[in-house]
Amino acid sequence: MGNCCSAQLSKSAFQNSGDRRCLSAISIYEYDKSGVYHRRSSISSEPRPPISVLDEPKARGDLLRWYHLGEELGRGEFGVTRRCTDAATGEALACKSIAKQRLRSSVDVEDVRREVQIMRGLPEHPNVVRLRDVFEDHEAVHLVMEICEGGELFDQIVARGHYTERAAATVMRTIMEVVQVNPIPF
1 MGNCCSAQLS KSAFQNSGDR RCLSAISIYE YDKSGVYHRR SSISSEPRPP ISVLDEPKAR
61 GDLLRWYHLG EELGRGEFGV TRRCTDAATG EALACKSIAK QRLRSSVDVE DVRREVQIMR
121 GLPEHPNVVR LRDVFEDHEA VHLVMEICEG GELFDQIVAR GHYTERAAAT VMRTIMEVVQ
181 VNPIPF
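Note that full-length UniProt numbering numbers the sequence shown so that position 48 is 48, with each residue one more than the last.
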């Protein structure tokens with residue numbers, strides 16, 4: 001079993017590593033028993049073919065035909081969330097764009113598929129973010145959803161510092177209502 005690298009490495013990246021091999025951006029080299037340096041095999045410099053994350057193609061076409069992207073709202077391990085506006089209605093929404101180049105394994109791809117499936121299956125509830133649309137292009141999977149501008153619950157708890165029992169009960173009641181109406185088992 002070999003290693004997979006997502007970035008080009010210099011020829012010296014693995015020299016003197018003890019395993020007597022050296023990786024370059026173009027080829028793998030190996031030392032023979034006499035210490036002579038030989039090219040073992042080529043690494044393709046061709047770009048990977050685009051992966052398909054979603055099972056169904058998006059019938060509506062290009063994201064930018066239907067939505068206008070605005071400023072960045074947040075950034076995560078796999079992508080960025082931006083404010084977006086429905087081109088037809090002017091409604092303010094959020095677009096989470098998951099970069100395909102960041103999906104390094106089949107588990108990552110399956111996680112994105114599962115996220116879309118779960119969001120599509122969530123019931124309408126005032127405390128559940130509704131998924132409006134899903135797009136896939138060569139670079140990313142785009143999830144268009146309701147925008148939430150209240151911030152993260154964790155950040156609110158930290159900022160507040162202390163919750164009374166009554167305030168904590170109100171937060172927990174809201175969380176339990178969402179869990180109760182959720183058809184997907186946790």
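In this text, a Cβ means the ideal position worked out from N, Cα and C, and glycines have one as well.
Every beta strand (DSSP E) of 3 residues or more that sits fully in the UniProt domain "Protein kinase" (67–186) is shown, in chain order, as 67–75, 79–86, 92–99, 131–136 and 140–146. Here the C-alpha atom of E56 lies approximately 44 Å from the C-alpha atom of A167. Exposed is the label assigned to L153, since fewer than 16 other Cβ atoms lie within 10 Å of its Cβ. Taking C-alpha positions only, G150 is separated from Q156 by approximately 9 Å. Secondary structure of L54 (DSSP, three-state): coil. Sequence-distant partners of L69 (beyond 5 residues in either direction) whose C-beta falls short of 7 Å from its own C-beta, in its chain, are R82, C84 and C95.
With contacts defined by Cβ atoms closer than 8 Å, V178 and V128 form a contacting pair. Cβ contact annotation for I51 (same chain, cutoff 8 Å, sequence separation greater than five): K100, L103 and V109, in chain order.
Between the C-alpha atoms of P126 and M172 there is a straight-line separation of about 15 Å. Looking at R160, A169, N182 and L54, the one whose alpha-carbon comes closest to that of S106 is L54. Residues D62 and L63 of the same chain have their beta carbon placed closer than 8 Å to that of D137, with the five preceding and five following residues left out of the count. Annotated as distal: L93 and E139, with beta-carbon spacing of 8 Å or more.
Taking 8 Å as the upper bound for CB-CB distance, L122 and V134 are not in contact here, some 14 Å apart. The C-alpha of C148 is placed about 18 Å away from the C-alpha of E115. Rounded to whole angstroms, the separation of the alpha carbons of A169 and I98 is 35 Å. When only Cα atoms are considered, D86 and L73 end up about 17 Å apart.
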